[in-house]
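For reference, the structure is listed below as structure tokens.
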Amino acid sequence: MASSVLTNMSWEFALPGAFAGSAADAAGERVSESPMDDEAFAAFYSRSARPLWAYLARVSSDPALAEDLMQESYVRFLCAAGAPSLIANGEAAARLYLFRIGTNLLRDHWRRPRAASIEEIPEEFFAAQSRTEQTDSQIVLGPALRRMKPRERQLLWLAHAEGYSHREIAQVTGLAAASIRLLLFRARHKIAALLRNQGARMGRES
Amino acid sequence: MRLTPCPRENEVRELLGRGQWPVAADAELRAHAASCRACGDFLLVSEAFQKARAVTAAAAKVPPPGILLWRAQLRRRSAVVERLTRPLFGAEIFALVTALVAALGFGAFEARHGMAWLTWLEKLAPAGGWSWSALLSPDQGWTWMILLPAFAALVAFGGLAVYLRSERQ
Numbered sequence: 000m001a002s003s004v005l006t007n008m009s010w011e012f013a014l015p016g017a018f019a020g021s022a023a024d025a026a027g028e029r030v031s032e033s034p035m036d037d038e039a040f041a042a043f044y045s046r047s048a049r050p051l052w053a054y055l056a057r058v059s060s061d062p063a064l065a066e067d068l069m070q071e072s073y074v075r076f077l078c079a080a081g082a083p084s085l086i087a088n089g090e091a092a093a094r095l096y097l098f099r100i101g102t103n104l105l106r107d108h109w110r111r112p113r114a115a116s117i118e119e120i121p122e123e124f125f126a127a128q129s130r131t132e133q134t135d136s137q138i139v140l141g142p143a144l145r146r147m148k149p150r151e152r153q154l155l156w157l158a159h160a161e162g163y164s165h166r167e168i169a170q171v172t173g174l175a176a177a178s179i180r181l182l183l184f185r186a187r188h189k190i191a192a193l194l195r196n197q198g199a200r201m202g203r204e205s
Numbered sequence: 000m001r002l003t004p005c006p007r008e009n010e011v012r013e014l015l016g017r018g019q020w021p022v023a024a025d026a027e028l029r030a031h032a033a034s035c036r037a038c039g040d041f042l043l044v045s046e047a048f049q050k051a052r053a054v055t056a057a058a059a060k061v062p063p064p065g066i067l068l069w070r071a072q073l074r075r076r077s078a079v080v081e082r083l084t085r086p087l088f089g090a091e092i093f094a095l096v097t098a099l100v101a102a103l104g105f106g107a108f109e110a111r112h113g114m115a116w117l118t119w120l121e122k123l124a125p126a127g128g129w130s131w132s133a134l135l136s137p138d139q140g141w142t143w144m145i146l147l148p149a150f151a152a153l154v155a156f157g158g159l160a161v162y163l164r165s166e167r168q
């Protein structure tokens with residue numbers, strides 16, 4: 000039984016530590032080590048997973064997709080040779096890098112032929128939740144967000160929910176900082192008007 | 000639409016970022032925020048998004064970090080194995096191509112020299128049975144004697160290539 004298990008295993012897994020460094024180094028290959036140890040990662044993960052999921056879920060309007068992209072973001076973060084180290088670069092840099100990976104994955108998802116265009120995806124998930132689960136902020140923000148384009152949601156979320164500066168948003172989205180200022184200003188102006196209208200409508204209804 | 004930001008927006012942003020708005024703001028800044036459209040928009044949007052962030056993040060279902068560490072480890076190992084086996088796969092392809100070229104070269108060489116070595120098979124042939132001489136004569140389509148071994152070699156090496164490929168996967 001044990002031998003059959005061993006014969007079914009790939010040889011690299013049957014040799015613990017075969018690629019711990021020496022074999023790969025001898026071959027002249029660079030093994031991308033994890034940017035942090037397990038405990039540090041667990042702590043970083045507990046602080047950053049929920050905000051990342053919230054960002055991906057609100058921008059994509061798809062919680063299942065957000066979960067997939069969040070997991071993939073962390074796996075890529077751990078595998079990336081150029082990922083910032085938690086000790087050397089600080090948690091803020093690591094977090095920014097993580098959001099950048101998530102944003103790129105989201106962009107890749109939108110670019111796939113089967114996916115809808117970035118301009119067409121509605122913010123429908125949070126509207127589909129039962130009213131009893133919604134807070135006042137969701138009741139007001141949800142309809143307004145649904146009328147925003149995903150790119151606008153992305154910029155607004157990074158700026159106002161995560162509190163990133165224009166330069167940091169530029170790093171995450173890959174857009175020019177000067178463009179972000181203009182896009183964000185317009186998006187903020189648009190959603191503020193929507194929020195005011197929504198608030199006024201709710202006031203009249205109540 | 001005026002694109003110039005309000006000069007006091009940074010003060011509002013700083014207090015909001017520290018969670019001290021409007022408690023730590025002086026009366027003048029509060030009055031300004033109430034009358035300034037840009038600061039009003041900023042406050043309205045920021046407060047709505049901060050609340051939404053708290054609610055959405057609380058609703059997140061995140062898997063344990065060990066799963067992600069395990070997946071990352073698997074992927075790193077796969078990447079290393081891929082890099083290490085790439086030259087081996089190239090060598091396999093090179094060996095296959097070399098063998099095919101050698102087989103074809105041998106076949107062509109034998110065809111040019113009349114396949115004289117096959118005459119010994121005539122001794123093994125049954126009396127009145129098939130005749131290698133007849134097969135090798137130009138009007139009897141002797142080219143089959145080249146094509147058949149070549150085809151057999153191609154099938155054999157093709158099977159070997161498929162086997163090596165499936166074993167690699």
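Quick mapping for you: the protein sequence lines, in order, are chains A and B. Counting in numbering that gives the first Met the number 0, the first sequence runs from 0 upward without gaps. Counting in numbering that gives the first Met the number 0, the second sequence runs from 0 upward without gaps. The beta carbon of each residue, even a glycine, is placed where N, CA and C say it ideally should be.
* Skipping 5 residues on each side, what residues in its chain have a beta carbon closer than 7 Å to that of B/L163? -> Correct list, in chain order: E91.
* A/Y54 lies in the alpha helix (DSSP H); which residues open and close that run? -> Taken as a continuous stretch (DSSP letters only), the alpha helix (DSSP H) holding A/Y54 covers D37 to S59.
* Asked: Rounded to a whole number of angstroms, what is the C-alpha to C-alpha distance between A/P62 and A/V171?
  -> So the two alpha carbons sit approximately 21 Å from each other.
* If you count every other CB in all the chains shown that lies within 10 Å of the CB of B/L147, and 16 or more means buried, which is it? -> Sixteen is the threshold: since fewer than 16 other Cβ atoms of the shown chains lie within 10 Å of the Cβ of B/L147, the residue is exposed.
* **Cβ pair A/V58, A/L105 closer than 8 Å** => In contact: A/V58 and A/L105 (Cβ atoms closer than 8 Å).
* State yes or no: is the beta carbon of A/V30 nearer than 8 Å to at least one beta carbon in chain B? => Caution applies to A/V30, whose pLDDT of 45 falls short of 50 and renders its modelled position unreliable; the value that the coordinates give is listed next. A/V30 counts as touching chain B.
* To do: Work out the CA separation of A/A65 and A/W52 for me, nearest whole Å.
  => Spanning the two alpha carbons is a distance of roughly 6 Å.
* Counting along the chain, where does the alpha helix (DSSP H) carrying A/L193 start and finish? -> Judged by DSSP secondary structure, A/L193 falls within the alpha helix (DSSP H) whose first and last residues are A176 to E204.
* Asked: For B/L153, does the three-state DSSP call read helix, strand or coil?
  -> Of the three classes helix, strand and coil, the one that applies to B/L153 here is helix, per DSSP.
* Tell me whether A/D107 sits in a helix, a strand or coil according to DSSP, three-state version. => Correct three-state label for A/D107: helix.
* **Residues of its chain near A/A56, where Cβ-Cβ distance is below 6 Å and the 5 sequence neighbours each way are ignored** => Closer than 6 Å at Cβ, skipping near neighbours: P62 and A65.
* Show which residues of chain A have a CB atom less than 9 Å away from the CB atom of B/R7. => The premise fails here: B/R7 is roughly 16 Å from chain A at the closest Cβ pair, so nothing lies under 9 Å.
* To do: Using the Cα positions of B/A47 and B/C38, report the straight-line distance between them to the nearest angstrom.
  => Cα to Cα, the separation comes out at about 14 Å.
* chain B beta carbons: is any one of them nearer than 8 Å to that of A/I190? -> Closer than 8 Å: yes.
* Asked: Going along the chain, which residues of its own chain have a beta-carbon closer than 6 Å to the beta-carbon of A/R75, five neighbours each way excluded?
  -> Around A/R75: I100.
* Nearest neighbour of B/L99, chosen from B/S165, B/A160 and B/E10 [CA to CA] -> The residue among B/S165, B/A160 and B/E10 with its C-alpha nearest the C-alpha of B/L99 is B/A160.
* Of all Cβ atoms in chain A, is any one closer than 8 Å to the Cβ of B/G18? -> Taking Cβ atoms only, chain A never reaches closer than 8 Å to B/G18, which makes this a no.
* Asked: For A/E167 and chain E, any beta-carbon pair shorter than 8 Å?
  -> The structure shown contains no chain E; the protein chains it does contain are A and B.
* To do: Anything in chain B within Cβ reach of A/F98, meaning under 7 Å, just list it in chain order.
  => Under the 7 Å cutoff, chain B gives no residues; its nearest Cβ is about 13 Å from A/F98.
* To do: Output, in chain order, the set of chain A residues within a Cβ distance shorter than 7 Å of B/F88.
  => Correct list: empty, because the minimum Cβ distance to chain A is about 15 Å.
* What are the boundary residues of the alpha helix (DSSP H) that includes B/V44? -> R36 to A57 is the span of the alpha helix (DSSP H), which, as asked, contains B/V44.
* **Contact set between B/S34 and chain A, taken where Cβ atoms lie within less than 7 Å** => Against chain A, the beta carbon of B/S34 has no neighbour under 7 Å; the closest one sits roughly 15 Å away.
* Chain-order list of residues whose beta-carbon lies under 7 Å from that of A/A206 (same chain, five-residue window excluded) -> Within the shown structure, residues of chain A are numbered from 0 to 205, placing residue 206 of chain A beyond reach of any answer.
* To do: Please list the partners that B/V61 has in chain A, where partner means a Cβ-to-Cβ separation under 7 Å.
  => Those within 7 Å of B/V61 in chain A are A48, R49 and W52.
* Asked: A/G162 CB to nearest chain B CB: under 8 Å?
  -> Closer than 8 Å: yes.
* Asked: Is there a Cβ from chain B that is less than 8 Å from the Cβ of A/V74?
  -> Yes, A/V74 counts as interfacial toward chain B.
* Asked: From A/E161 to A/D36, what does the alpha carbon distance come to, in whole angstroms?
  -> Rounded to the nearest whole angstrom, the CA to CA distance from A/E161 to A/D36 is 26 Å.
* **Own chain residues within Cβ distance below 7 Å of A/E28, not counting five before or after** => Reliability fails at A/E28, whose pLDDT of 38 lies under 50, so the model's placement of it is uncertain and the value that follows must be treated cautiously. Cβ neighbours of A/E28 beyond the five flanking positions: none.
* What's the gap between the Cα of A/E132 and the Cα of A/L140? -> With a pLDDT of only 43 at A/E132, under the threshold of 50, the placement of this residue in the model should not be trusted, and no figure is reported.
* Asked: Per DSSP, what kind of secondary structure is B/C5 in: helix, strand or coil?
  -> When secondary structure is reduced to three states using DSSP, B/C5 falls in the coil class, being assigned neither helix nor strand.
* Asked: Should A/Q153 be labelled buried (16 or more other beta-carbon atoms within 10 Å of its own) or exposed?
  -> Answer is buried; the Cβ neighbour count reaches 16.
* Asked: Is the region 2-12 of chain B close to the region 20-33 of chain B, with three or more CB pairs under 8 Å?
  -> The answer is yes - the region 20-33 of chain B touches the region 2-12 of chain B, with three or more Cβ pairs under 8 Å.
* Count the other CB atoms, across all protein chains shown, that sit within 10 Å of the CB of A/Q197; report buried if there are 16 or more and exposed otherwise. => The C-beta of A/Q197 has 16 or more other C-beta atoms within 10 Å across all chains shown, which makes the residue buried.
* What residues from chain B crowd round A/A41, counting only those whose CB sits closer than 9 Å? -> For A/A41, the chain B residues whose Cβ falls inside 9 Å of its Cβ are P63, P64, G65 and L68, in order along the chain.
* Kindly confirm or deny that the region 41-49 of chain A and the region 54-70 of chain B touch, where touching means at least three C-beta pairs closer than 8 Å. => Between the region 41-49 of chain A and the region 54-70 of chain B, the count of C-beta pairs closer than 8 Å reaches three or more; the two stretches touch.
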